[in-house]
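Residue numbers (the numbering used here): 36 to 382. Every residue gets a Cβ at the ideal spot worked out from N, C-alpha and C, and that includes glycine.
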């Protein structure tokens, strides 16, 4: 056992408490058992609903503290649980999966994409800005590394609330993923050449179907024009590692927090995620609850590598993560220092 592990576990248990709650996910009601106190600290949504459930339980209207997300994906919720308890490890896993996305099957890349999208929208639903921002960074990186354009299908999904509202019902906060999708739409239509022209008709139909989308698109184009930025060059996939940009940088990429929930409050200051504000360490939770397995289908297996070797490699990587400095922020953007050379080389 590494030094201090027992003390960390004791501290985590004292912070988490001992009360557990059941969360059912999907039509098949897949069950997750989580610490109630942690959920209530992280999410106002969970706090309000679990308190209401507890009151019903006292009144005899419910048999135990539990919630059911009938329309959510168990895979998305599984990744949320991984993030909730092991934020550093979750960030490293998603970053690795994103880095190697070009080496896995298209279906696996597509599944990773939609799981990250679902994770962002789930963060919006349960009012967890840090989860929204972490997943937003991961989506940007995935699009950059795969050299993807935004698709009409994706944009329609985000605006599919009937009246053009976010597809997450009851979400009171603005959807930062929609803001990014609008910027990507402008970049795709203006800078993709023949492909942009081929998509123009489909996007035009979306503009007609969702007036809110068209209004936000026009507002984005006006903002670019006022800043004298060319939409063919200003790439929404490219998240620069700071908020105070040099004059030439603002023409090619976006500020680090441009699509974060705290964008307006931060201005040109450092990103709170990078500073560790509001972040928590990976929690030493002991044997309960059982943490979900990492979806290895998103990661390629090295040529000639057996399943046992793959599992051992994953265990070594996890051990290295656990041995890292515990004071290091676990919610730093996916774009760490090592990635920056990769981004700039790809421009």
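Item: First through last residue of the beta strand (DSSP E) which encompasses residue 101; Value: 101-104
Item: Simplified DSSP state of residue 58, which is helix, strand or coil; Value: strand
Item: Bridge-paired residues (DSSP) for residue 274; Value: 289
Item: Residue environment, residue 98, which counts as buried when at least 16 other CB atoms sit within 10 Å; Value: Because residue 98 sits at a pLDDT of 48, beneath the cut-off of 50, its placement in the model cannot be relied upon, and the following sentence gives the value as read from the coordinates. Flag for residue 98 reads exposed.
Item: Counted within 10 angstroms of its Cβ, other Cβ atoms place residue 175 as buried (16 or more) or exposed; Value: buried
Item: Nonlocal neighbours in the same chain, by C-beta distance under 7 Å from residue 380, ignoring five residues either side; Value: With a pLDDT of 27 at residue 380, under the threshold of 50, the modelled position of that residue is not reliable, and no figure is offered here.
Item: Span of the alpha helix (DSSP H), counted from its first residue to its last, around residue 280; Value: Note, residue 280: premise wrong, no alpha helix (DSSP H); not H, not E.
Item: Top-ranked residue by Cα proximity to residue 161, from 286, 288 and 115; Value: 115
Item: Start-end ranges of the beta strand (DSSP E) lying completely within the segment 154-223, minimum 3 residues; Value: none
Item: Proximal residues to residue 225 (C-beta, below 6 Å), its chain only, five neighbours per side dropped; Value: 266 and 267
Item: Separation of residue 143 from residue 35, as counted between CA atoms; Value: Residue 35 lies beyond the stretch modelled for the chain, which goes from 36 to 382, so this question has no answer here.
Item: Burial state of residue 125 (16 or more Cβ within 10 Å); Value: buried
Item: Buried/exposed call for residue 258, threshold 16 Cβ in 10 Å; Value: exposed
Item: Pick from 184, 269 and 264 that is closest to residue 235, judged by C-alpha positions; Value: 184
Item: Contact set for residue 167: own chain, Cβ-Cβ below 7 Å, skip 5 residues either direction; Value: 155, 158, 159, 211 and 296
Item: Inter-residue CB distance, residue 104 and residue 215 (contact presumed, cutoff 8 Å); Value: Contact flag wrong, Cβ pair sits at about 24 Å.
Item: Through-space distance from residue 64 to residue 278, alpha-carbon basis; Value: 42 Å
Item: Nonlocal neighbours in the same chain, by C-beta distance under 8 Å from residue 256, ignoring five residues either side; Value: 221 and 266
Item: Spatially closest choice to residue 66 from 74, 87 and 112, by CA coordinates; Value: 112
Item: Environment of residue 263 [buried if 16+ CB atoms lie within 10 Å]; Value: exposed
Item: DSSP-derived helix/strand/coil call for residue 255; Value: helix
Item: Three-way DSSP call (helix, strand, coil) for residue 65 in this model; Value: strand
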